[in-house]
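Numbering-wise (my numbering), the sequence shown opens with residue 366 and increments by one.
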Amino acid sequence: MAENDKEKKKTSGSAVGTALGFAACAAAGGLLGAANYFFNLALVPKQHDPAQDNRPGEEAYTAGRRWMRGHVARQDVFTFSEDGKQLHGNLIRQGDPDCHRYAILVHGFGDSAEAMGLYGKQYYEEYGMHVLLPDLRGHGASEGSFVGMGWQDSADLARWVSFITSMDPDAVIVMHGISMGAAAILQATGKSLPGQVKAVVSDCAFADCIDELTYQYKKHEESYPAPVKKLIPAPLMVQLVRLIGLIRAHYDIGKASPVEAVRRSLTPTLFIHGEDDDVIPPDDMPRLYEAANCEKHFLWVKHAGHCQSVVVDPDRYWGHVTNFYNDVSPWILNDNITDADPFADL
Numbered sequence: 366m367a368e369n370d371k372e373k374k375k376t377s378g379s380a381v382g383t384a385l386g387f388a389a390c391a392a393a394g395g396l397l398g399a400a401n402y403f404f405n406l407a408l409v410p411k412q413h414d415p416a417q418d419n420r421p422g423e424e425a426y427t428a429g430r431r432w433m434r435g436h437v438a439r440q441d442v443f444t445f446s447e448d449g450k451q452l453h454g455n456l457i458r459q460g461d462p463d464c465h466r467y468a469i470l471v472h473g474f475g476d477s478a479e480a481m482g483l484y485g486k487q488y489y490e491e492y493g494m495h496v497l498l499p500d501l502r503g504h505g506a507s508e509g510s511f512v513g514m515g516w517q518d519s520a521d522l523a524r525w526v527s528f529i530t531s532m533d534p535d536a537v538i539v540m541h542g543i544s545m546g547a548a549a550i551l552q553a554t555g556k557s558l559p560g561q562v563k564a565v566v567s568d569c570a571f572a573d574c575i576d577e578l579t580y581q582y583k584k585h586e587e588s589y590p591a592p593v594k595k596l597i598p599a600p601l602m603v604q605l606v607r608l609i610g611l612i613r614a615h616y617d618i619g620k621a622s623p624v625e626a627v628r629r630s631l632t633p634t635l636f637i638h639g640e641d642d643d644v645i646p647p648d649d650m651p652r653l654y655e656a657a658n659c660e661k662h663f664l665w666v667k668h669a670g671h672c673q674s675v676v677v678d679p680d681r682y683w684g685h686v687t688n689f690y691n692d693v694s695p696w697i698l699n700d701n702i703t704d705a706d707p708f709a710d711l
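Listed below in structure tokens is the structure:
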């Protein structure tokens with residue numbers, strides 16, 4: 366009788382253990398499934414939805430898209446990333462053969478080079494510069510299955526800089542980006558950029574990818590199914606997404622940290638942020654500004670949402686950009702200076 370009781374307990378314990386094992390596997394599977402869903406939202410490229418062009422405040426961006434698409438001087442250009450992906454860009458050159466000034470204009474998440482047409486028009490028509498508008502990897506006509514979160518894109522931008530300098534050894538280059546494009550530029554400045562890159566403008570960049578994903582997860586928490594909200598706190602979810610990124614995208618999103626990159630930067634930088642930005646916290650801008658180890662300027666734009674500073678107050682926006690470039694170097698906005706070496710101060 367005692368042996369039967371022992372056998373029953375053993376069988377019962379085994380069943381409980383098996384059930385707990387299945388429950389643990391199911392829970393782990395649920396965690397990974399939820400994390401994979403969030404990964405797809407965050408790191409699988411989304412193409413621009415033309416329906417967004419009709420939203421209030423988008424008229425200027427839509428006009429910029431038309432300007433870029435229809436420009437008679439626009440040409441498709443290509444380079445390759447370090448990992449062999451073909452990257453596409455739009456080059457619009459000035460007719461003046463003596464112009465050696467270039468602007469690389471970088472779009473944000475889920476869009477394409479066309480989003481920078483509004484900025485390209487200013488640089489081309491008002492500043493008289495050649496403009497290069499690249500599609501980030503996984504966006505537009507560039508290859509790539511996953512978003513680079515500015516980290517992989519920063520290396521791609523270095524390839525575009527080399528593309529310009531190999532074509533024009535006398536090039537003087539600036540970069541201007543919005544949102545994730547700005548984050549990519551800041552991360553590029555933390556690496557060894559050539560001296561031809563004289564200055565950059567960062568408009569509404571995030572300070573750190575992990576912090577940004579945590580912010581987005583918490584912001585949209587109420588829209589998640591109840592089990593996700595209760596069982597997966599933001600720090601755990603973001604670390605799971607980070608793990609999935611290593612497996613699927615083959616890079617660590619934890620390295621995508623503009624705030625760390627600017628500590629190493631020597632490139633003069635103008636930081637811009639709209640005070641009403643609800644996509645990237647406005648507090649990220651002072652974090653970046655304080656960390657930057659380079660010559661630096663900043664601009665707050667009142668009543669401006671995400672990527673809307675240039676639309677809300679264009680005169681103030683471009684006035685600050687112009688003053689910034691003039692403060693950094695007379696060579697950026699002027700082809701006709703003949704009494705100085707443009708690289709003497711590098």
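Each residue gets a CB set at the ideal place from its N, CA and C atoms; glycine is no exception.
- The three-state reading of DSSP puts Phe443 in strand, counting E and B together.
- For Val539, the pairing in a beta bridge is given by DSSP as Ala468 and Ala564.
- For Trp696, there is no enclosing beta strand (DSSP E), as DSSP marks it with neither H nor E.
- The secondary-structure analysis by DSSP pairs Pro499 across a beta bridge with Gly454.
- Judged by DSSP in its simplified three-state form, Phe663 adopts strand.
- Here His465 is buried, its C-beta having at least 16 other C-beta atoms within 10 Å.
- Under the three-state reduction of DSSP output, Gly639 falls in the strand class.
- Between the beta-carbon of Arg458 and that of Ala480 there is about 21 Å, and that puts the pair past the 8 Å contact cut.
- Assigned with DSSP and collapsed to three states, Thr632 falls in coil, not helix or strand.
- For Ala564, the closest C-alpha among the options Leu456, Val526, Asn405 and Ala599 is that of Val526.
- In the assembly as shown, Asp521 is a buried residue. Its beta-carbon has 16 or more other beta-carbons within 10 Å.
- Sequence-distant Cβ neighbours of Leu397 in its own chain, meaning closer than 8 Å and more than five residues away, are Leu605 and Ile609.
- Taking 8 Å as the cut-off, the beta carbon of Ala549 is found closer than this to the beta carbon of Gly542.
- Val677 has its alpha-carbon roughly 12 Å from the corresponding atom of Glu424.
- The C-alpha of Leu653 is placed about 27 Å away from the C-alpha of Lys411.
- Between the beta-carbon of Leu497 and that of Gly429 there is about 15 Å, and that puts the pair past the 8 Å contact cut.
- In this structure, Arg524 sits away from Leu601, with a CB-CB distance that is not shorter than 8 Å.
- In this structure, Gly555 places its C-beta atom within 8 Å of the C-beta atom of Ser630.
- Judged by their CB atoms, Ala570 and Leu551 are nearer to each other than the 8 Å cut-off.
- Under the DSSP assignment, Tyr654 falls in the alpha helix (DSSP H) whose first and last residues are Asp649 to Ala656.
- Closest in alpha carbon position to Gly639, among Ala656, Cys672, Arg613 and Gly619, is Cys672.
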